[in-house]
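Mapping to the working numbering: the sequence shown position 66 is 70, numbers consecutive. A virtual CB, placed ideally from N, CA and C, is assigned to each residue, including glycine. Since this is a predicted model, take the numbers as computed values, not measurements. Shown next, in structure tokens, is the structure this report addresses.
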Amino acid sequence: MRILCAAVLSMESILMGFALLIAKDQASIDQIWFGAAIAILLLLTSGILKRKGGYLLGSIWQIFVIGYGLVIPLMFYLGGLFAILWVVAIYLGRKGEAIKAINIASLDKDGPKQR
Numbered sequence: 005m006r007i008l009c010a011a012v013l014s015m016e017s018i019l020m021g022f023a024l025l026i027a028k029d030q031a032s033i034d035q036i037w038f039g040a041a042i043a044i045l046l047l048l049t050s051g052i053l054k055r056k057g058g059y060l061l062g063s064i065w066q067i068f069v070i071g072y073g074l075v076i077p078l079m080f081y082l083g084g085l086f087a088i089l090w091v092v093a094i095y096l097g098r099k100g101e102a103i104k105a106i107n108i109a110s111l112d113k114d115g116p117k118q119r
């Protein structure tokens, strides 16, 4: 789960970098700094996903990325897309971890398989 979510946050950080290139001509300096802060926080959060609080922070940053659509309207759509990717990454990650746990439990019960 951590790898999928970290990939989503890292790509979203790159997306915010591209959004800042658009914002430099259309937005105030405060809005640009706010976007840069979001990009940096997304990247930092991808590194702290080992803790449970990392997933909560990642979910909060999804709201901020969608909210950056007030500065660049296209971010409403792209932020929404990445929010969906975030939810899917969490869902598939949990599903994969459950399958992995079942496989490990069956190995412990049956012992190693002979070839």
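query, result
"For my contact list, Lys-28 and Ile-18 are in at a C-beta cut-off of 8 Å; report their separation, rounded to the angstrom.", "Going by Cβ atoms, the distance from Lys-28 to Ile-18 rounds to 16 Å, so no, they are not a contact pair."
"In angstroms with no decimal places, state the Cα-to-Cα distance between Met-79 and Ala-41.", "16 Å"
"Taking Met-5 and Ile-103 to be in contact with their CB atoms under 8 Å, please state how far apart those CB atoms are, rounded to whole angstroms.", "About 12 Å separates the two Cβ atoms, so there is no contact after all."
"What residue range does the alpha helix (DSSP H) around Gly-51 cover?", "33-51"
"Please report the Cβ distance between Leu-53 and Cys-9, rounded to the nearest whole angstrom; I am assuming they are in contact, meaning their Cβ atoms lie under 8 Å.", "6 Å"
"Helix, strand or coil for Lys-28, going by three-state DSSP, please let me know.", "helix"
"Going by C-alpha distance, which of Gly-51, Ile-76 and Tyr-59 is nearest Ala-31?", "Ile-76"
"Where does Arg-55 fall in DSSP's three states?", "coil"
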